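The structure under discussion appears below in the form of structure tokens.
Residue numbers (the working numbering), protein chains in the order written: chain A, 1 to 169; chain B, 170 to 338.
Okay, here's the thing in structure tokens:
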């Protein structure tokens, strides 16, 4: 037995993005208790030369969507980067999960040897097989941006723990 | 075609842990330029109720080792938590990668349906299949602790970028 490309990608991304939305809920509740505008989270950065919170959430969702579009040979749906609230970000994440669920597992399975080409803003495009794309680019990137979102909320005082990060059984 | 349990686990963990050691090298160089004791990193925390840097590195390596021991049906090698330097942590990571490489891929392949039981410090043990253990527990946990290590170093001013996080081609 082995693992299918779909089971090694979409459910992991959907789970982490679903978990992320529960962190946003707790961040909203924290802001209400402390009586500050929850939009204040969006500009937080761990370092002045890192992307802010709003970008971490956007990119986490964008990479999950892009990865499933590439692996499922579907068109990548671009979203405007115009959210100004936690709820707007949560909606982007929900739309991303719905997009991923719209891609049939059968379209993704068998993609492990397919060539995946990823254009870069500068320089040559990156070339992968489906498997190396998932394992060296998509998985690390989705975990990077979801975990950075979590780190920013923890640093901001939101009460989150490992169980929130990992999600339910 | 499909993905094997070994290719979906050991190379991803080894790659992230190898990347982590390059972050430690840059952290050491940063400390030398700034003339502070690099052991100062070990106590850094993003929040006072989060584990410190030293624990993030230890646990990233421990979970990768535990995961491959479980999936490869091998004994989990426990390491003493006694590192007091970056170099000590780098050595723990190198030993972990060597342990993972010592486990034959054939022992891991076919583990997707095997029952994996994970005792908990308090409460009932967690039950997984090999596949759900990898995808819901091992991968997220290794990425959590490696990314938290990266976040702490970025927050501390070490010059790292996404290319350092993802590693070479």
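Here a beta-carbon is modelled for each residue, glycine too, at the ideal position from N, C-alpha and C. In this text, all values refer to a predicted model and were calculated from it rather than measured experimentally.
Between the segment 8-15 of chain A and the segment 296-313 of chain B, the count of C-beta pairs closer than 8 Å reaches three or more; the two stretches touch. In chain A, no part has a C-beta under 7 Å from the C-beta of residue 210 of chain B; the shortest such distance is about 15 Å. Chain-ordered, the chain A residues with CB closer than 8 Å to the CB of residue 317 of chain B read 147, 151. Membership of residue 308 of chain B in the alpha helix (DSSP H) is indicated by the continuous run 308-324.
Of all residues in the segment 42-69 of chain A, the ones placed with a Cβ closer than 7 Å to any Cβ belonging to chain B are 46, 47, 50, in chain order. Among the residues facing chain B, residue 100 of chain A is not included, as its CB has no counterpart in that chain under 8 Å away. For the pair residue 173 of chain B and residue 2 of chain A, the CB atoms are nearer than the 8 Å cut-off.
CA-to-CA, the gap between residue 259 of chain B and residue 32 of chain A works out to about 42 Å. When Cβ-Cβ separations below 8 Å define contact, residue 105 of chain A makes no contact with chain B.
DSSP, reduced to helix, strand and coil, places residue 159 of chain A outside both helices and strands of the structure shown, so it counts as coil. Contact annotation: in the segment 110-122 of chain A, residues whose CB is within less than 7 Å of a CB in chain B are 110, 112, 113. Ranking B/194, B/280, B/317 by CA distance to the CA of residue 328 of chain B puts B/194 first. Residue 88 of chain A and residue 43 of chain A have their alpha carbons spaced roughly 14 Å apart. For residue 229 of chain B against residue 311 of chain B, the beta-carbon gap comes to about 6 Å, under 8 Å, which counts as contact. Excluding five sequence positions before and after residue 233 of chain B, the CB atoms of its chain that fall closer than 7 Å to its own CB belong to 182, 186, 265, 269, 311, given in chain order. Taking the CA atoms as reference points, residue 68 of chain A sits about 8 Å from residue 108 of chain A.
Assigned with DSSP and collapsed to three states, residue 36 of chain A falls in coil, not helix or strand. With fewer than three CB-CB distances shorter than 8 Å, the segment 44-58 of chain A does not count as touching the segment 114-130 of chain A. Comparing alpha-carbon positions, the option among B/330, B/283, B/246, B/316 lying closest to residue 267 of chain B turns out to be B/246.
Around the C-beta of residue 196 of chain B, 16 or more other C-beta atoms lie within 10 Å, and the residue is accordingly described as buried. Taking C-beta atoms as the reference points, residue 274 of chain B and residue 175 of chain B count as a pair closer than 8 Å. When DSSP states are grouped into helix, strand and coil, residue 166 of chain A belongs to the helix group. Taking C-beta atoms under 8 Å as the contact rule, residue 280 of chain B and residue 240 of chain B qualify, at a distance of about 5 Å. Neighbourhood of residue 97 of chain A in chain B, by CB distance below 7 Å: empty, with the nearest CB roughly 16 Å away.
In the displayed model, residue 284 of chain B falls within a strand according to three-state DSSP.
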